[in-house]
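For what it's worth, UniProt numbering labels the leading residue of the sequence shown as 1, then goes sequentially. A short worksheet on the structure shown next.
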Amino acid sequence: MITILSDDTSQNIGKRVYEGLCERDAEVEYISLDDVNMGPCFSCGGCTDKTYGKCIHRDDGDWIFGSLVRSNIMVWVTPVTWGSYSFKTKRVLDKCALIGDRHYYLKNRELVKKMADNIQGFYGIGIKDHCREEEKQAFENLVAENINIMSVAGNAYVLDNDASEKIIMKIVEEISR
């Protein structure tokens, strides 16, 4: 299953990717962060020693986490903010540290972790009109680092708000392979 986590209210890029994947008969779940209530990760350690694998702070992260755990591929659509994910998207990512092995290990002198066995891919789609090259590079590096840490395949894209259908379909094609 492919799960699209989207924080792109006005652009609808996430919806367009979702529709493209549905046209290919892919099993897809679309999660909009518009009305999601998720608190920050407090780094309290409760998820590792009190409620193994579950955040002790109850919020919408509970059901989002369940959807992401069942995914084979995660696609995150977010505005590019200072070369990073949006505030809402970052909160979800912080809490996703629970997915897979809770321990990190060294691989090629970098900290990485093993994700749940079913998770095979992570794609980050950043949205920003007239994105400066430095900010685009920062976003692409961030997604590449997340892919490395998760030990999965994937890619990063930075699109303008009015990305063409041709560009969206190229992304859909790569995700659905």
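Think of the CB as a built atom: it goes at the ideal place given N, C-alpha and C, for glycine as much as any other residue.
The alpha helix (DSSP H) enclosing GLY66, as first and last residue numbers: One-based indexing of the sequence shown puts residue 66 at position 66. Counting along the chain, the alpha helix (DSSP H) containing GLY66 begins and ends at 61-69.
Work out the CA separation of ASP162 and ASP49 for me, nearest whole Å. Your numbering for residue 49 matches position 49 in the sequence shown. Your numbering for residue 162 matches position 162 in the sequence shown. Distance between the alpha carbons of ASP49 and ASP162: 46 Å.
For a quick check, are the C-beta atoms of ASP14 and VAL75 less than 9 Å apart? Reading the sequence shown from its first residue, position 14 is the one you call residue 14. Reading the sequence shown from its first residue, position 75 is the one you call residue 75. Checking the sequence, you will find Gly at residue 14 rather than Asp. A contact, by the Cβ cut-off of 9 Å.
Taking its Cβ as the centre, do 16 or more other Cβ atoms sit within 10 Å of PHE122, making it buried, or is it exposed? Position 122 of the sequence shown, counting from 1, holds the residue named residue 122. Label assigned to PHE122: buried.
So what does DSSP say about MET74, is it helix, strand or coil? What you label residue 74 is simply residue 74 of the sequence shown in a count that begins at 1. MET74: strand per DSSP, three-state reduction.
Who are the Cβ neighbours of ASN72 in its own chain at under 8 Å, not counting the five residues just before and after it? The sequence position of residue 72 within the sequence shown is 72, counting from 1. Excluding residues within five positions, the ones whose Cβ falls inside 8 Å are MET1, ILE2, ASN118, ILE119, GLN120, GLY121.
For VAL143, the nearest candidate out of LEU106, VAL80, SER176, MET169 (CA to CA): Taking the sequence shown and counting its residues from 1, one reaches residue 143 at position 143. The residue with the shortest Cα to Cα distance from VAL143 is VAL80.
Provide the residue span of the beta strand (DSSP E) that contains VAL28, from first to last. Start at 1 with the first residue of the sequence shown, and residue 28 comes out as number 28. Per DSSP, VAL28 belongs to the beta strand (DSSP E) from 28-32.
Among residues of its own chain, excluding the 5 on either side of GLY39, which ones have a beta-carbon nearer than 8 Å to its beta-carbon? If you number the sequence shown from 1, residue 39 lands on position 39. If we look at GLY39 and ignore the five residues flanking it on each side, its Cβ neighbours are HIS57, ASP59, GLY61, ARG91.
Report, in whole angstroms, the separation of the C-beta atoms of LEU5 and LEU33, which I expect to be a contact under 8 Å. Residue 5 sits at position 5 when you count from the first residue of the sequence shown. Residue 33 sits at position 33 when you count from the first residue of the sequence shown. Right, their Cβ atoms sit about 7 Å apart.
Whether GLY83 touches ALA138 by CB criterion (9 Å): Residue 83 sits at position 83 when you count from the first residue of the sequence shown. Residue 138 sits at position 138 when you count from the first residue of the sequence shown. Contact: yes.
Which of the three DSSP states, helix, strand or coil, is assigned to ASN155? Residue numbering aside, residue 155 sits at position 155 when the sequence shown is read from its first letter. In the structure shown, ASN155 sits in a strand (DSSP, three-state: E or B).
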